[in-house]
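Q:
2 protein chains.
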Amino acid sequence: MLSDLDIAQQANLKPVEEIANQLGLEEHEWEPYGKDKAKVNLDVMERLKDHKDGRVVLVTSINPTRAGEGKSTVTVGLAQALRARNQDVSVALREPSLGPVMGIKGGATGGGYSQVVPMESINLHFTGDIHAITTANNALSAFIDNHIFQGNTCEIDTRRISWKRVVDLNDRALRDVVVGLGGPKQGVPREDGFNITVASEIMAVLCLATSLADLKERLARMVVAYRADETPVTVKDLGYEGALTLLLKEAFKPNLVQTIEGVPAFIHGGPFANIAHGCNSLIATKMASKLSDYTITEAGFGADLGAEKFLNIKARIGDIHPDAVVIVATLRALKLHGGVAEADLKEENVEAIKRGLVNLEKHMETIEAFGLPFVVALNQFDTDTEKELEYFKNYCEQSDVDYSLTTVWADGGQGGLDLADQVIKTVESNESNFNPLYPLDLTLEKKIETVAKRVYGASGVELTKEAKAQCEAFEKNDWGHLPVCMAKTQYSLSDDPTALGRPRDFTITIRELRPSVGAGFIVVLTGDVLTMPGLPKQPAALKMDVDDDGEALGLF
Amino acid sequence: MLSDLDIAQQANLKPVEEIANQLGLEEHEWEPYGKDKAKVNLDVMERLKDHKDGRVVLVTSINPTRAGEGKSTVTVGLAQALRARNQDVSVALREPSLGPVMGIKGGATGGGYSQVVPMESINLHFTGDIHAITTANNALSAFIDNHIFQGNTCEIDTRRISWKRVVDLNDRALRDVVVGLGGPKQGVPREDGFNITVASEIMAVLCLATSLADLKERLARMVVAYRADETPVTVKDLGYEGALTLLLKEAFKPNLVQTIEGVPAFIHGGPFANIAHGCNSLIATKMASKLSDYTITEAGFGADLGAEKFLNIKARIGDIHPDAVVIVATLRALKLHGGVAEADLKEENVEAIKRGLVNLEKHMETIEAFGLPFVVALNQFDTDTEKELEYFKNYCEQSDVDYSLTTVWADGGQGGLDLADQVIKTVESNESNFNPLYPLDLTLEKKIETVAKRVYGASGVELTKEAKAQCEAFEKNDWGHLPVCMAKTQYSLSDDPTALGRPRDFTITIRELRPSVGAGFIVVLTGDVLTMPGLPKQPAALKMDVDDDGEALGLF
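Same order as they appear, the protein sequences are chains A and B. The first sequence begins at 0 in the working numbering and counts up one residue at a time. The second sequence begins at 0 in the working numbering and counts up one residue at a time.
#1: Which residues of chain B have a Cβ atom closer than 9 angstroms to the Cβ of A/Arg171, listed in chain order?
#2: Using a Cβ cut-off of 8 angstroms, pull out every chain B residue sitting near A/Val234, in sequence order please.
#3: Quick one: list the residues of chain A neighbouring B/Ala242, beta-carbon separation under 9 angstroms, in chain order.
#4: Whose CA, out of B/His362, B/Gly261 and B/Thr382, lies closest to the CA of B/Phe373?
#5: Under 8 angstroms by Cβ, that's how I've got A/Val90 and A/Val75 pegged, so tell me the actual separation to the nearest angstrom.
#6: Inspect the beta-carbon positions of A/Pro514 and A/Arg315 and report whether they are closer than 9 angstroms.
#7: Check the Cβ of A/Pro372 against every Cβ in chain B and list those closer than 7 angstroms, keeping chain order.
#8: Run through chain B and tell me which residues come within less than 7 angstroms of A/Thr12, C-beta to C-beta.
#9: Since A/Ile295 and A/Ala78 should fall inside the 8 angstroms C-beta cutoff, what is the C-beta to C-beta distance between them, to a whole number of angstroms?
#10: In terms of residues, what are the limits of the beta strand (DSSP E) holding A/Val234?
#11: Run through chain A and tell me which residues come within less than 8 angstroms of B/Tyr239, C-beta to C-beta.
#12: When you compare the CB positions of A/Ala457 and A/Ile507, do they come within less than 9 angstroms of one another, or not?
#13: List, from N- to C-terminal side, the beta strand (DSSP E) runs of 3 residues or more that fit wholly inside the stretch 162-207 of chain A.
#14: Counting only C-beta atoms, is A/Asp213 closer than 9 angstroms to chain B at any point?
#15: Count the other CB atoms within 10 Å of the CB of A/Pro270; is the residue buried (16 or more) or exposed (fewer)?
#16: Quickly, what does DSSP pair B/Pro31 with across the bridge? List them, please.
#17: To the nearest angstrom, how far is the alpha carbon of A/Tyr490 from that of A/Val116?
#18: Is it the case that the Cβ atoms of A/His146 and B/Thr133 are separated by a distance below 9 angstroms?
#19: By the 7 angstroms beta-carbon criterion, what residues does the stretch 103-135 of chain A contribute toward chain B?
#20: Return helix, strand or coil for A/Phe148, following the three-state DSSP convention.
#21: Helix, strand or coil for B/Pro438 per DSSP?
#22: Do you know how far the Cα of B/Thr59 is from the Cα of B/Asn194?
#23: If you drop the 5 nearest sequence neighbours on each side, which residues of the same chain put their C-beta closer than 6 angstroms to that of B/His267?
#24: Kindly indicate which three-state DSSP category A/Asn136 falls into: helix, strand or coil?
#25: Just grab the DSSP bridge partners of B/Glu461 for me.
#26: Excluding the five sequence neighbours on either side, which residues of its own chain have a C-beta within less than 7 angstroms of the C-beta of A/Ile312, listed in chain order?
#27: Hey, how far is the Cα of B/Ala138 from the Cα of A/Ile423?
#28: Check A/Asn11 in the structure and name its three-state DSSP category.
#29: Spell out the partners DSSP gives B/Arg503 in its beta bridges.
#30: Pick out whichever of B/Leu246, B/Lys289 and B/Ala264 has its Cα sitting closest to the Cα of B/Thr72.
#31: Report the option in B/Arg84, B/Glu26 and B/Lys34 whose CA atom is closest to the CA atom of A/His27.
#32: Between B/Asn432 and chain A, is there a C-beta pair that is closer than 9 angstroms?
#33: Do A/Gln8 and A/Ala518 have their beta-carbon atoms positioned less than 9 angstroms apart in this structure?
#34: Since B/Cys278 is in the alpha helix (DSSP H), which residue starts that stretch and which ends it?
#35: Indicate the three-state DSSP secondary structure (helix, strand or coil) for B/Val324 in the structure shown.
#36: Determine the extent of the beta strand (DSSP E) in which A/Cys484 is found, giving its start and end residues.
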């Protein structure tokens, strides 16, 4: 069988100029990065500011297995299918982080005949956006330590520096470090730690800024540390918002590539979906929707995390009104939720699917709670049996659920034609009545409770003493009006990763809050959140190489 | 007065396609990065492999002041002047590191009307090469720590890990750190440190590799640590040379931009000139010389460091035969060498110039020792007086030294026409009889002695006990055949930065040797070498910003 990389390398890419022309971009509105990538200037938003936004379709999923349910693949496949149905369509996706690529995943650009290309470039450095974010993040760390070294006029308490350094790698040895060692000429010793770059607040800021001016304001608002009296110190206090904006101004321009069937693809930004909101950049989604009748976009993990944040955070900030949602499910994941062990997911088990459908049901209710119509897309695998598929179809028909079986990995757009038809029907019947789940003037605690009850199905929330104190302190700092960004396990609707299916009668424990004032949300931690992954015993990198023609080997 | 950034932003850039066409590049041989930058594929080297190399002119200088003597400016100005004299010419320069740009320098792409453009992009991220090197360097660190964490089958002694992490920033707090803290799930605690990226061995490797295959072999040979028995552990032992090559394959392609007067400029690679060899990439110099009749290139710091290494290391590996050398001097630097304090360099002082010329004399002797003809270029400043200039001219004429007064900062190529004429005359009289100063089969100690005596004018060298032991150990490891890469202060011919002019009767103390087996040289430390700069009290970054049109502010 061909690998994703084989398929990508055999693809016949159009020159990016052709993709730009498809979108109606004027020549001065984009710049090439290689022959198959471009950055689109923000001027286009000015030219089209009175232009009506196209339709936006959000792709989400049920609670995923460890392998993921193929949301990106379905997103690309659906767009290709809409194109085959003569629709004017773009996709907007996140850009992959190098850490997981070198660690386990090998690549993260969809799969098979529903992927974005040039696959190897997108997975490796791409147009340098993530490197620019790494640099800006670490420049800020250097500025903070230099500020302290040079006299500390802002009176930063070195035990209360919340800003961490980053690398775009999986590197567990950097989770907890001590910096500034070596004596009085080398700085001031203090505890520090590194996150993976996609967990940097700067990534979230870049992904939620609505303009370059807004980017600078958000960067200025970022809290980096506290004084001994616990008052916050911001980037603006230090005076570096201009330099950070300068370092990020090219990275802020959306990247334009194509799907393997030539659909325009905006690949831009990729914040974590736990301590951040897990969606591609707002500016890319808005740009795509200005330039296309349909924009297909996705959000990380399941609907309880990615979609909730897309709808309560990103859509609200960006004034985005989604027209429909696609909920991706796989029989594998349904079996997992029905109690089957991960090793046995390939075996036929209709009973398990029957039990596991409760997970899908909850996510459907959630999307309805946001006032949005949806289609369930079953992303088919070779191991799915006739009996299982039959059961699934019957279930949907009896429950009056719009659904579609898709084979977009193997068949590209042709494998998603029925899904495209369902989506068109849904969108054209104009059932969207979108509203965020909570108003911003609720207290932080009430916002948390709303998400826990209405999205997770919890009976309530319990805040630790520390979290309660933080709620109070944050309201005092005038951060109470911000939306909440929940950091929760992606495997369960609850905060217990082993509670699969549809857990009931549970409470969510809130352990800690972290302000992302620049990004514009308060992160709410319900358990341990890993912001720096580690490498496995045999990293994917061990198989990577370059052939004699300079082509990549070992990305999957 | 206009700043460098003002001048650069007012420049009327040609589309990079036009520059590529000037060089005779075929369409498939280059890829655009924006409208004014390109990467040139290595295919062109294959097409032109039987093509005779053009002429190579190396620009170096006397021992510099803290501000530098304008080598890059003269390099660009000379190329522009040669173009004005209807010569087919390219420049090959180093790419700037962000650390100094954000710290003190603001920018490093020549100056005035003799600079390379787009100035702001070249100074900020450019085509991402340095970020790729940062990533590859730190991926290797993560692989090393993961190897140890996962069982350490290579038996790395965690107290003997020589590979350090890097950031492309000035960040003194990272010079000495402890990583791997946080308990048994977070790694193995150990001492570590960060260098600035341009001090990474990978930068030197990229700048000395002759092909992609050679790049991989050099990466494989890099020593990262030692076992308890002091035997070296290499990248090949760990198995990551393929992944590192994959991460670097785009960065290895030379970047093509233009000078402000439209001369093709290859800006590629920028290793430190102390613990590395301080020249742009060998592949860029070779490519430029395949594509142009004249290639003007430079080497870091004064002739005692940059030129010595260009000639003994880079030229030898790359089979480059320079045709002439330009030695840049300024009256400011001559006055400094004549005993004037830095604060008083703007005041007329003919006597000091007279005394300071001994420094220039030594560098002229050195270039002659390599068998190379030279022209002295006096890079003029507003503060130079008639009397001073007259004295300098008389000196050159009486000593029978080819020289030229240049005003390329203010006048571009027109300010270097006489220099161009001198260079053409020198090159066409075909006086080059280039030879490295030592054969590779000398012992390390003899090589060091040769450089110290013939380049620095020392009476001898003294090795510390530690350095002596390292010499022996390195010969035992079969590294004795490598050239030496001297790390010495740039301010003096000796190892004492305060010994200006032409010190005599001094010995050079060799404190330590460090193997850069992948790069292919042994670093020889004569004093403290700073591989991670710090930021000043008021970093240049404090003045940086972006205007309403997204244009850079505050780069100088």
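Cβ coordinates follow ideal geometry from the N, Cα and C atoms, glycine included. Just so it is clear, the structure is predicted and the values come from calculations on it, not from any experiment.
A: The structure says:
#1: Within chain B, Ala141, Asp144, Asn145, Phe148, Gly179, Gly181, Lys184, Gln185 and Gly186 have C-beta atoms less than 9 angstroms from the C-beta of A/Arg171, given in sequence order.
#2: Contact annotation for A/Val234 against chain B: no contact, minimum CB-CB distance about 12 angstroms [criterion: below 8 angstroms].
#3: Ordered by position in chain A, the residues that pass the 9 angstroms Cβ test against B/Ala242 are Met101, Pro538, Ala539, Ala540, Leu541, Lys542, Met543, Asp544 and Gly553.
#4: B/Phe373 has its Cα closest to that of B/His362, out of B/His362, B/Gly261 and B/Thr382.
#5: With a Cβ gap of about 6 angstroms, A/Val90 and A/Val75 count as contacting.
#6: Taking 9 angstroms as the Cβ cut-off, A/Pro514 and A/Arg315 do not qualify as a contacting pair.
#7: Under the 7 angstroms cutoff, chain B gives no residues; its nearest Cβ is about 39 angstroms from A/Pro372.
#8: First, the amino acid is wrong: residue 12 of chain A is Leu here, not Thr. Per Cβ cutoff of 7 angstroms: no residues; A/Leu12 is ~13 angstroms from chain B at best.
#9: Confirmed, Cβ separation roughly 5 angstroms.
#10: DSSP places A/Val234 outside any beta strand (DSSP E); the residue lies instead in the alpha helix (DSSP H), whose first and last residues are Val234 to Leu237.
#11: Near B/Tyr239 (Cβ distances below 8 angstroms), the residues of chain A are Ala540 and Leu541.
#12: Taking 9 angstroms as the cut-off, the Cβ atoms of A/Ala457 and A/Ile507 count as close.
#13: Counting whole runs of 3 or more residues, the stretch 162-207 of chain A contains the beta strand (DSSP E) stretches 164-166, 176-178, 189-191 and 193-195.
#14: Interface flag for A/Asp213 against chain B is unset, since no Cβ pair is found closer than 9 angstroms.
#15: By the 10 Å Cβ count, A/Pro270 comes out buried.
#16: B/Ala37.
#17: The straight-line gap from Cα to Cα measures roughly 29 angstroms.
#18: Taking 9 angstroms as the cut-off, the beta carbon of A/His146 is found no closer than this to the beta carbon of B/Thr133.
#19: Within the stretch 103-135 of chain A, the residues whose Cβ lies closer than 7 angstroms to some Cβ of chain B are Leu123, His124, Gly127, His130, Ala131 and Thr134, listed in chain order.
#20: Looking at A/Phe148 - three-state DSSP - the assignment turns out to be helix.
#21: Coil.
#22: Each residue's CA atom was taken as its position, placing B/Asn194 and B/Thr59 some 26 angstroms apart.
#23: Cβ neighbours of B/His267 within its own chain (closer than 6 angstroms, five residues either side excluded): Pro253, Asn254, Asn279, Ser280 and Ala283.
#24: Helix at A/Asn136.
#25: Answer by DSSP bridge pairing, in chain order: B/Thr508.
#26: If we look at A/Ile312 and ignore the five residues flanking it on each side, its Cβ neighbours are His276, Pro482, Cys484 and Phe520.
#27: When rounded, the distance between both Cα atoms is 45 angstroms.
#28: Annotated three-state conformation of A/Asn11 is coil, per DSSP.
#29: In the DSSP secondary-structure assignment, B/Arg503 is not bridged to any residue.
#30: Per the Cα distances, B/Ala264.
#31: Of B/Arg84, B/Glu26 and B/Lys34, the residue nearest in Cα terms is B/Lys34.
#32: No, B/Asn432 lies away from the interface with chain A (no Cβ there is under 9 angstroms from its Cβ).
#33: Going by C-beta atoms, A/Ala518 is not nearer than 9 angstroms to A/Gln8.
#34: Annotation: B/Cys278 is outside any alpha helix (DSSP H) and is labelled neither H nor E by DSSP.
#35: If DSSP states are grouped into helix, strand and coil, B/Val324 belongs with the strands.
#36: Element bounds for A/Cys484: Val483 to Ala486.
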